[in-house]
Amino acid sequence: MEGVPVNVNPRIAQPARNSKAMITGAFVRNDWYVAMWGDDLPREQVMGRTILNEAVALFRKADGSVAALADRCAHRFAPLHMGKVAGDRIQCAYHGLEFDGAGTCLFNPHGNKRVPPSARVRSYPLVEKHRAIWIWMGDKPADLSAIPDFGPLDTPEQSHVTKLDWIRIKANYELVIDNLLDLSHTSYLHDGLLGNQDMVDAEITVEQVGDTVVVGRRSMNSTIPGLFAIQMPGHPRVDKWNTIRWTAPGNLLLRSGVHKPGTDPETGTGYYGIHFLTPETDRTTLYHFTAVRWNVLTEESANEQIREKISVMRRFAFAQPARVRSTIKARTVTPTRIKALNPASKIIESRRSASAL
Ligand code: FES
Ligand SMILES: [Fe+2]
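Numbered per my numbering, the sequence shown spans residues 29 to 385.
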């Protein structure tokens, strides 16, 4: 191990910066975040991600189960995501030390092959559930029961599930939560696609349900927006509704639907919108998303094409406001911040949109 030049530039965590911009530097650590879609972590490949300002290397062990280590080798700090999978271990790309899923170095190919007890890296609890890989970033024992329910993702009908997609947003994740909980913007920012002027006037409800906040929005006898017209063709006017459930820190489940005016909402159709917001840094967010259709009314022969259209339309919609969000510089009091300040807070109210504005 001696005599090896030290010339690496490890991808190490950046310390939280402090400025008048929206920089928290204080994340909710003892909770679950989506690190990536399960499909995005192939066998025999180590993937690097930055989560809560910490560089993490993720890989699959021989049995397919997932593991995550701090992305910094205990020897000369080379990024472990540049290494390769060797059975149940990561082999560091620099000098070949091998670390198991618990972060223990089990193999040193050099000299007397002794492994110093200090040759360890941090490991992170990792669970694959609802097609996503969830990571626990805190120091308390990981609470498996705290992974929020995203059961719609488990549907076996793949023509009803859109692409498991993701983008990087150049904004703090709390701004994205604000954006998703206040869907009044759809009438303007997504005019014709997700909303329109008919939907400006809406019934709005805000309710705390257990540890979640649920925001509802309902508009009557409105022009059907494009994303819904492809799911329920032949109905130019509809009642439209949605509820969006926020489970802190950053996981949201939307249920959205349209139906013939004046009829039972469950006779209509729509989709679950899945939104996983994971702080990458103070200023950037990993945004994983997809949609799962419910009560599909269109012919199965058309559903693959509809699936593709929904994927494209939603990706366009989510990337569209990114520039708006990233230019919001003012420090904002957000629901996440309110919860952090007062975890016992309970807010239950109903109001008309006009009074909300
Ligand atoms: S930096 Fe030397 S084995 Fe990893
Ligand atoms: Fe939006």
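C-beta atoms are modelled at their ideal positions from N, C-alpha and C, and glycine is treated no differently.
Hey, quick one: how far does the beta strand (DSSP E) through residue 284 stretch, first residue to last?
Unbroken beta strand (DSSP E) run through residue 284: 279-287.
Say whether chain C places a C-beta atom closer than 8 angstroms to the C-beta of residue 182.
Absence of chain C from the displayed structure is noted, only one protein chain being present.
At 4 residues or longer, what runs of the alpha helix (DSSP H) sit wholly inside the region 174-253?
DSSP runs (the alpha helix (DSSP H)) wholly in the region 174-253: 201-209 and 214-217.
Hey, how far is the Cα of residue 194 from the Cα of residue 86?
When rounded, the distance between both Cα atoms is 17 angstroms.
Can you give me the Cβ contacts of residue 221 inside the same chain, cut-off strictly under 7 angstroms, excluding the 5 residues immediately before and after it?
Result list for residue 221: 253, 254, 255, 341 and 345, in chain order.
If you drop the 5 nearest sequence neighbours on each side, which residues of the same chain put their C-beta closer than 6 angstroms to that of residue 166?
Excluding residues within five positions, the ones whose Cβ falls inside 6 angstroms are 57 and 58.
In terms of residue numbering, what span does the beta strand (DSSP E) encompassing residue 272 cover?
Segment 265-275, the beta strand (DSSP E) holding residue 272.
Look up residue 303 in the DSSP assignment and give the residues it is bridged to.
According to DSSP, residue 303 bridges with 280 and 317.
Quick check: the Cα distance between residue 316 and residue 192, rounded to an integer number of angstroms?
If you take the alpha carbons of residue 316 and residue 192, they lie about 7 angstroms apart.
Quick one: does the C-beta of residue 218 sit closer than 7 angstroms to a heavy atom of ligand 2?
At least one heavy atom of ligand 2 is nearer than 7 angstroms to the Cβ of residue 218, so yes.
Compute the Euclidean distance between the alpha carbons of residue 226 and residue 215, then round it to the nearest angstrom.
Taking the straight line joining both Cα atoms gives about 8 angstroms.
Residues near ligand 1, CB to any non-hydrogen atom under 5 angstroms, in chain order?
The answer, residue by residue, is 101, 103, 104, 106, 120, 122, 123 and 125.
Between residue 90 and residue 115, how many whole angstroms is the CB-CB distance? I'm expecting something under 8 angstroms.
About 5 angstroms; that satisfies the 8 angstroms criterion.
Alpha carbon to alpha carbon, how far is residue 246 from residue 113?
Each residue's alpha carbon lies about 50 angstroms from the other.
To which residues of the same chain is residue 337 closer than 6 angstroms at the C-beta, ignoring the five residues directly before and after it?
Counting only Cβ-Cβ distances below 6 angstroms, and skipping sequence neighbours, we find 258.
Locate the alpha helix (DSSP H) running through residue 258, then write down its first and last residues.
Residue 258 -> no alpha helix (DSSP H), and no H or E assigned at all.
When the distance is taken between beta carbons, is residue 62 closer than 8 angstroms to residue 306?
In contact: residue 306 and residue 62 (Cβ atoms closer than 8 angstroms).
Kindly list the residues whose CB is nearer than 7 angstroms to the CB of residue 284, restricted to its own chain and excluding five residues on each side of it in sequence; keep chain order.
Same-chain partners within the cutoff: 270, 298, 299 and 301.
DSSP has residue 163 in a bridge; who is on the other side?
Paired residue(s): 61 and 154.
Assess, as a yes-or-no matter, whether the region 100-110 is touched by the region 71-84 under the definition of 3 or more beta carbon pairs within less than 8 angstroms.
Result yes; three or more Cβ-Cβ pairs closer than 8 angstroms.
What's the call for residue 106, buried or exposed, on a 16-neighbour Cβ count within 10 Å?
The residue is buried, with at least 16 neighbouring Cβ atoms inside 10 Å.
Determine the extent of the alpha helix (DSSP H) in which residue 337 is found, giving its start and end residues.
Its alpha helix (DSSP H) spans residues 328-347.
Between residue 272 and residue 209, is the Cβ-Cβ spacing less than 8 angstroms?
Going by C-beta atoms, residue 272 is nearer than 8 angstroms to residue 209.
Go ahead and pull the three-state DSSP assignment for residue 308.
Correct three-state label for residue 308: coil.
Nearest-angstrom Cα distance between residue 282 and residue 110?
Their Cα atoms are separated by approximately 37 angstroms.
Which value, in whole angstroms, describes the spacing of the CA atoms of residue 66 and residue 293?
Approximately 33 angstroms between the Cα atoms of the pair.
Determine which residues share a DSSP beta bridge with residue 76 and list them.
DSSP output for residue 76 lists 85 as bridge partner(s).
Go to residue 94, then tell me how far its beta strand (DSSP E) extends in each direction, as first and last residue.
It spans 94-98 - the beta strand (DSSP E) in which residue 94 sits, taken as one unbroken run.
Drop a sphere of 10 angstroms on the beta-carbon of residue 69, count the other beta-carbons inside from all chains shown, and report buried for 16 or more, exposed for fewer.
Label assigned to residue 69: buried.
Which same chain residues, not among the five before or five after residue 164, have their C-beta less than 7 angstroms away from its C-beta?
If we look at residue 164 and ignore the five residues flanking it on each side, its Cβ neighbours are 60, 152, 153 and 170.
Are residue 205 and residue 278 close, meaning C-beta to C-beta below 8 angstroms?
Yes.
Is the beta carbon of residue 127 closer than 8 angstroms to that of residue 149?
Cβ distance < 8 angstroms, so residue 149 and residue 127 count as in contact.
Do residue 96 and residue 190 have their C-beta atoms closer together than 8 angstroms?
Going by C-beta atoms, residue 96 is not nearer than 8 angstroms to residue 190.
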